[in-house]
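Below: one structure, written as structure tokens.
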Amino acid sequence: VEEQVVVLYAGTNGYLDSVPVADVQRFEQELLDLFRTQRSGLLNDIKTTGKLDEEALKAALAEFVRDFAPTGGTADEPAAGATVEGDTAQAGGSAEGILPETEITRDDESDEA
474 VEEQVVVLYA
484 GTNGYLDSVP
494 VADVQRFEQE
504 LLDLFRTQRS
514 GLLNDIKTTG
524 KLDEEALKAA
534 LAEFVRDFAP
544 TGGTADEPAA
554 GATVEGDTAQ
564 AGGSAEGILP
574 ETEITRDDES
584 DEA
């Protein structure tokens, strides 16, 4: 659980914004390796107390992001060799199961309170 806290915190607080999609898995693995070896105290605190030292976590994440070397490209570019077809790039992934944006009108709308 403590490792999930670190990864989710990094993802939801913008620490992956500059990481190319192709490097996200490597970013996560290297981040967890760092926390297991050099920042194990933070993981242990989360595990034993259920509390998060947010300032220490922010500092560790900022340092890791600064030193992380992407394999190439930017966060906005697809990985080398990646193909983008039609509308699949819109909505952030496969367009399968995504309905077109159309206005829906209903004749039988009732006021439920």
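Every number in the numbering used here is 473 more than the matching position in the sequence shown, counting from 1.
The beta carbon of each residue, even a glycine, is placed where N, CA and C say it ideally should be.
This one's a predicted model, so the numbers in the text were calculated from it and none came from an experiment.
Nearest to residue 504 by alpha-carbon distance, out of 524, 479 and 474, is 479. In the displayed model, residue 537 falls within a helix according to three-state DSSP.
By the C-beta criterion, the stretch 505 to 512 is judged not to be in contact with the stretch 485 to 496, since fewer than 3 inter-stretch pairs fall below 8 Å. Between the alpha carbons of residue 481 and residue 535 lies a gap of roughly 15 Å.
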